[in-house]
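Engineer: For the protein sequence lines, the chains are U and C, in the order given. Last residue of the first sequence: number 428 in my numbering, and the count goes up by one each step with no gaps. Last residue of the second sequence: number 428 in my numbering, and the count goes up by one each step with no gaps. Backbone N, C-alpha and C define an ideal beta-carbon position, used for all residues, glycine too.
2 protein chains.
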Amino acid sequence: MTGKHIVYHIPVCPFSQRLEILLALRGLTDAVEFHVVDITKPRDPELLAKTRGTTALPVLETSDGRVLKESLVILRYLDETLPGTPLRRSDPAEHAIESMLISVEGPFTMAGYLFVMNQDQARRDEHLNKLLALYRELDDFLGHYNPTGPFLFEDFGLAEAVFAPMFKRFWFLDYYEGFNLPEGKEYDRVRMWRDASMAHPSTAQVTEEEIVKLYYDYALGAGNGALPDGRSVSSFTFEPPWQSRPMPPREKYAVTATDKELGLVA
Amino acid sequence: MTGKHIVYHIPVCPFSQRLEILLALRGLTDAVEFHVVDITKPRDPELLAKTRGTTALPVLETSDGRVLKESLVILRYLDETLPGTPLRRSDPAEHAIESMLISVEGPFTMAGYLFVMNQDQARRDEHLNKLLALYRELDDFLGHYNPTGPFLFEDFGLAEAVFAPMFKRFWFLDYYEGFNLPEGKEYDRVRMWRDASMAHPSTAQVTEEEIVKLYYDYALGAGNGALPDGRSVSSFTFEPPWQSRPMPPREKYAVTATDKELGLVA
Chain U
163 MTGKHIVYHI PVCPFSQRLE ILLALRGLTD AVEFHVVDIT KPRDPELLAK
213 TRGTTALPVL ETSDGRVLKE SLVILRYLDE TLPGTPLRRS DPAEHAIESM
263 LISVEGPFTM AGYLFVMNQD QARRDEHLNK LLALYRELDD FLGHYNPTGP
313 FLFEDFGLAE AVFAPMFKRF WFLDYYEGFN LPEGKEYDRV RMWRDASMAH
363 PSTAQVTEEE IVKLYYDYAL GAGNGALPDG RSVSSFTFEP PWQSRPMPPR
413 EKYAVTATDK ELGLVA
Chain C
163 MTGKHIVYHI PVCPFSQRLE ILLALRGLTD AVEFHVVDIT KPRDPELLAK
213 TRGTTALPVL ETSDGRVLKE SLVILRYLDE TLPGTPLRRS DPAEHAIESM
263 LISVEGPFTM AGYLFVMNQD QARRDEHLNK LLALYRELDD FLGHYNPTGP
313 FLFEDFGLAE AVFAPMFKRF WFLDYYEGFN LPEGKEYDRV RMWRDASMAH
363 PSTAQVTEEE IVKLYYDYAL GAGNGALPDG RSVSSFTFEP PWQSRPMPPR
413 EKYAVTATDK ELGLVA
C-alpha cells in the first residue's frame, strides 16, 4: 500500500493522457501511480472485480480504495482534490463556458474515430464532412469567446487538457486519411487552438510515430485491441515495442499488412 | 431589465425540467424567469442571434448578459451560483460517484427517444433490449453504492434531478410501446429509484397525460416540432391546449391520427 492514487490505463490512451496532462500542469506527476493494462490480453480478474465487469479505461483507484471510472469524471475529481490551484476556471460562468466547449469533445472524438475506422471508401467524404463541421463549430466558439487566442482563456486550461490528447490521436487521420485542416477563415481560430494545445509542453507524452504505429488496427476497422483478419498480433502489443517497428502502409483502403510486415513478429 | 436570469425553454422539455427541479429544491422558483419558445414556429431572430445560430433549448441568459447552453452545464452553473446549499455532493469522491451515474443519462435518453421514434416494428425488440440493458446498468450502479435506496445517497440529489425528467418523458414508452420495467432482481433497485424520483414533490411540473399528448408526433417518428405526413398542426402546439384534446391512439405502428382526431383543429 503506497497511499497513492492508482490509475489503470493504456499508456497511449487519450482518455488517460488527460490525467497525465493535469498532473504535469500541477507539477504532481508523482502523485498518481500508473498501472499499465495490456488490452490485447484477457483482463486481470482482480481489476475486473474492482470495475464490476466493465473494461473501459482509465480507472482510478483512490488512495482510500474508491474506484472511479469515466475520463472526465476522474479528471474533474483529481482537479478538485489534488494540492495546488485547480485547472478549472474558478469563476462559475467561465467554468460553464469551458464546460460548453468540453461538451463538444464527445461528438468530436466519435467523428474522428469513426472516420479512421471507416472501411468503405465511398463513405469517406461523409466522415470528413462531419469532422470538418465540428472543427467549424469549435472555431466559432473559440472566436466568440477569445478571438485573439490561442487558448480559450489566457492559458492552457481544462478544455485544452480534454482536447489536446484527441488532436494528437487524430495524427492517425493525417496519416491514414491524408487529412488536412483546410485553409480559410472558418478554420483559422481552431487551427491556432489546436496547434498551441499540441505544442504545449504538458502534452508531450506521445509522438506521431507512436500513434500511427499503434493505431494501425483502428485504420483497418478493428478497435480496442481486436485483431484484423489474418493477423495474430495486435498493433497495440507492447512486445516488440513500437520504436523497433517500421511505419505501416498509409493505404488503409487498398492494403492490409501482415504481422511480419508490421514488425510484430520476428 | 429585471436583473434575473432568463431561461428560454419549451415548458415540457425534460432538459429544462431539470432546472425547474433544482429551483424547486432550493426554494428559488422565482430566481429565474422562464420565457416560453414555441418550437412549431420559426425561431425569434433576436434569440437566434444570442445563441449564434443554434436552436437547442434550454438556453440561459444570465442576469449579467452571458448566454449559456447545454442542460447539464446550466444545471451545474445554477447549482454553483444560486444562494443556499448546492445540490451536488460536497465531498469530491461522492460528487464523482453522482457524476458517473449522470454520465449514463446520455445513452439512456438516446435509447428511449430512438425507441419511441422507431417506425419499424421488426426492430422493436432491438430498441427494447438496448433500453433494458441500460436499466440493468443503472440497477447495478445503484445497488453497489446504496443497496437499500431509494436514492443514490440519502436524499433526492443532482443525479435524481437529471434522471427524473427522463423517467417522466418515458411515459411515452409505457403508452405507445406498452413498456413495463420487468419484474425481477435485475430491475428492483432501479425501479425503486425511478419510482421515488418520479414521486418526489420537486418533479411535479408535468403529467403523464401531457407527455403522451404532446409527444404523439415523436411516436410517429417526427421530433423537435417537425410534422408527420398528412398533418398541419404539431402535437407540441400551444393552441388548442393539450388539456382540451383527446388521448391519441396507442397503436403507433398501425394508425396515424389526423389533426382533427387529435383535437388540434376545430
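On the criterion of 16 or more Cβ atoms from any shown chain inside 10 Å, does R285 (chain C) qualify as buried, or is it exposed?
Structural biologist: The residue given as residue 285 (chain C) occupies position 123 in the second sequence. When all chains shown are included, R285 (chain C) counts as exposed.
Engineer: Could you tell me the alpha carbon to alpha carbon distance between T420 (chain C) and Y377 (chain C), rounded to whole angstroms?
Structural biologist: Locating residue 420 (chain C) in the second sequence gives position 258, where the first residue counts as 1. Locating residue 377 (chain C) in the second sequence gives position 215, where the first residue counts as 1. Using only the alpha carbons, I get a separation of about 15 Å.
Engineer: Answer yes or no: do L304 (chain C) and R228 (chain C) have a C-beta to C-beta separation smaller than 7 Å?
Structural biologist: Walking along the second sequence from the start, residue 304 (chain C) turns up at place 142. Walking along the second sequence from the start, residue 228 (chain C) turns up at place 66. Not closer than 7 Å, so no.
Engineer: If we ignore side chains and look at the alpha-carbon of each, how far apart do H167 (chain U) and L296 (chain U) end up?
Structural biologist: Working through the first sequence from its first residue, we reach residue 167 (chain U) at position 5. Working through the first sequence from its first residue, we reach residue 296 (chain U) at position 134. If you take the alpha carbons of H167 (chain U) and L296 (chain U), they lie about 35 Å apart.
Engineer: For H306 (chain U), count neighbouring Cβ atoms within 10 angstroms of its own Cβ and tell me buried if that reaches 16, exposed if not.
Structural biologist: Within the first sequence, residue 306 (chain U) is the residue found at index 144, counting from 1. Exposed: under 16 other Cβ atoms inside 10 Å.
Engineer: Looking at chain U, which residues of the stretch 167 to 186 of chain C have a Cβ within less than 8 Å of any of its Cβ atoms?
Structural biologist: Listed in sequence order: no entries.
Engineer: Grab me the residues of M409 (chain U)'s own chain with a C-beta within less than 8 Å of its C-beta, minus the 5 sequence neighbours each way, in chain order.
Structural biologist: In the first sequence, counting from the first residue as 1, residue 409 (chain U) sits at position 247. Same-chain partners within the cutoff: E371, V374, K375.
Engineer: Can you have a look at P309 (chain U) and say buried or exposed, based on whether 16 or more other CB atoms are within 10 angstroms of its CB?
Structural biologist: Here the question's residue 309 (chain U) lines up with position 147 in the first sequence. Counting Cβ neighbours within 10 Å, P309 (chain U) comes out exposed, since fewer than 16 surround it.
Engineer: Short of 6 Å in beta carbon distance, which residues of its chain neighbour F270 (chain C), apart from the five on each side in sequence? Order them along the chain.
Structural biologist: Position 108 of the second sequence, counted from the first residue, corresponds to residue 270 (chain C). Here the set comprises L296.
Engineer: Pair every Cβ in the stretch 172 to 191 of chain U with every Cβ in the stretch 243 to 253 of chain U, then say whether three or more of these pairs are closer than 8 Å.
Structural biologist: Cβ pair count under 8 Å is three or more, so yes.
Engineer: What residues from chain U crowd round R228 (chain C), counting only those whose CB sits closer than 7 Å?
Structural biologist: One-based indexing of the second sequence puts residue 228 (chain C) at position 66. Going along chain U in sequence order, the residues near R228 (chain C) (Cβ under 7 Å) are A255.
Engineer: Using a Cβ-Cβ cut-off of less than 7 Å, list which residues of the stretch 197 to 227 of chain C approach chain U; keep chain order.
Structural biologist: Those would be R214, T224, in chain order.
Engineer: Beta carbon of M262 (chain U), beta carbon of E232 (chain C): below 7 Å?
Structural biologist: Start at 1 with the first residue of the first sequence, and residue 262 (chain U) comes out as number 100. Start at 1 with the first residue of the second sequence, and residue 232 (chain C) comes out as number 70. Their beta carbons are under 7 Å apart, which means M262 (chain U) touches E232 (chain C) by this criterion.
Engineer: Just mark Q283 (chain C) as buried or exposed, buried being the case when its beta carbon has 16 or more other beta carbons within 10 Å.
Structural biologist: For this step, residue 283 (chain C) is matched to residue 121 along the second sequence. Per the 10 Å Cβ criterion, exposed.
Engineer: Output needed for S396 (chain C): all residues of its chain with C-beta closer than 7 Å, excluding positions within five of it in sequence on either side, in chain order.
Structural biologist: Stepping through the second sequence from its first residue, residue 396 (chain C) is reached at position 234. Contacts found: T202, D379, G387, L389.
Engineer: Report back the beta-carbon spacing between A323 (chain U) and L314 (chain U) to the nearest angstrom; my notes put them in contact at under 8 Å.
Structural biologist: Here the question's residue 323 (chain U) lines up with position 161 in the first sequence. Here the question's residue 314 (chain U) lines up with position 152 in the first sequence. That belief does not hold up - the Cβ atoms of A323 (chain U) and L314 (chain U) are roughly 11 Å apart, past 8 Å.
Engineer: Got a sec: is the Cβ-Cβ distance from E242 (chain U) to anything in chain C below 7 Å?
Structural biologist: Position 80 of the first sequence holds residue 242 (chain U). Chain C, which has a Cβ nearer than 7 Å to the Cβ of E242 (chain U), makes this yes.
Engineer: Since L293 (chain C) and F277 (chain C) should fall inside the 8 Å C-beta cutoff, what is the C-beta to C-beta distance between them, to a whole number of angstroms?
Structural biologist: Against the second sequence, residue 293 (chain C) aligns to sequence position 131. Against the second sequence, residue 277 (chain C) aligns to sequence position 115. The pair is a contact, with the Cβ atoms about 6 Å apart (cut-off 8 Å).
Engineer: Assess contact between the stretch 210 to 225 of chain C and the stretch 353 to 367 of chain C, defined as three or more Cβ pairs (one per stretch) separated by less than 8 Å. Is contact present?
Structural biologist: No, they do not touch.
Engineer: In three-state terms, what does DSSP make of E413 (chain C)?
Structural biologist: Numbered from its first residue, the second sequence carries residue 413 (chain C) at position 251. Coil at E413 (chain C), not helix or strand.
Engineer: Under three-state DSSP, which class holds H362 (chain C)?
Structural biologist: Mapped onto the second sequence, residue 362 (chain C) falls at position 200. In the structure shown, H362 (chain C) sits in coil (DSSP, three-state: anything other than H, G, I, E or B).
Engineer: In angstroms with no decimal places, state the Cα-to-Cα distance between M163 (chain C) and R205 (chain C).
Structural biologist: Counting from one through the second sequence, the residue named residue 163 (chain C) turns up at place 1. Counting from one through the second sequence, the residue named residue 205 (chain C) turns up at place 43. Residue confidence is low: M163 (chain C) scores 45 on pLDDT, short of 50, so the model does not pin down where it sits. No coordinate-derived value is stated.
Engineer: In chain U, which residues lie with their C-beta within 9 Å of the C-beta of E232 (chain C)?
Structural biologist: If you number the second sequence from 1, residue 232 (chain C) lands on position 70. Under the 9 Å cutoff, chain U gives A258, S261, M262, S265.
Engineer: Is there a Cβ of chain U sitting closer than 7 Å to that of A295 (chain C), yes or no?
Structural biologist: On the second sequence, residue 295 (chain C) is found 133 positions in, with the first residue counted as 1. No, its Cβ sits nowhere closer than 7 Å to a Cβ of chain U.
Engineer: Any idea what DSSP makes of Y170 (chain C), helix, strand or coil?
Structural biologist: Residue numbering aside, residue 170 (chain C) sits at position 8 when the second sequence is read from its first letter. If DSSP states are grouped into helix, strand and coil, Y170 (chain C) belongs with the strands.
Engineer: Residues of chain C with CB closer than 9 Å to the CB of D302 (chain U), please, in chain order.
Structural biologist: The residue given as residue 302 (chain U) occupies position 140 in the first sequence. By Cβ distance, chain C contributes R214, G215.
Engineer: Look up R356 (chain U) in the DSSP assignment and say whether it is helix, strand or coil.
Structural biologist: On the first sequence, position 194 is the one that residue 356 (chain U) refers to. In the structure shown, R356 (chain U) sits in a helix (DSSP, three-state: H, G or I).
Engineer: Along chain U, which residues have their Cβ under 8 Å away from the Cβ of H306 (chain C)?
Structural biologist: Within the second sequence, the letter at position 144 stands for residue 306 (chain C). What H306 (chain C) touches in chain U: R214.
Engineer: Does the beta-carbon distance from R463 (chain C) to P176 (chain C) come in below 7 Å?
Structural biologist: Residue 463 (chain C) lies beyond the range of chain C shown here (163 to 428); nothing can be said about it.
Engineer: List in chain order: all unbroken beta strand (DSSP E) runs of 3+ residues lying wholly within the stretch 241 to 286 of chain U.
Structural biologist: None, since the stretch 241 to 286 of chain U contains no complete beta strand (DSSP E) of that length.
Engineer: Applying the criterion that 16 or more other CB atoms from any shown protein chain within 10 Å of the CB defines a buried residue, is L219 (chain U) buried or exposed?
Structural biologist: To locate residue 219 (chain U), count along the first sequence from 1; it is residue 57. L219 (chain U) should be labelled buried.
Engineer: Measure the CB-CB distance between E242 (chain C) and P403 (chain U) and report whether it falls below 7 Å.
Structural biologist: Position 80 of the second sequence, counted from the start, is the residue given in the question as residue 242 (chain C). Position 241 of the first sequence, counted from the start, is the residue given in the question as residue 403 (chain U). No; because the gap between Cβ atoms is not below 7 Å, this pair is not in contact.
Engineer: Considering just the uninterrupted stretch of the beta strand (DSSP E) at F196 (chain U), what are its terminal residues?
Structural biologist: The residue labelled residue 196 (chain U) in the question sits at position 34 within the first sequence. 194 to 198 is the extent of the beta strand (DSSP E) around F196 (chain U).
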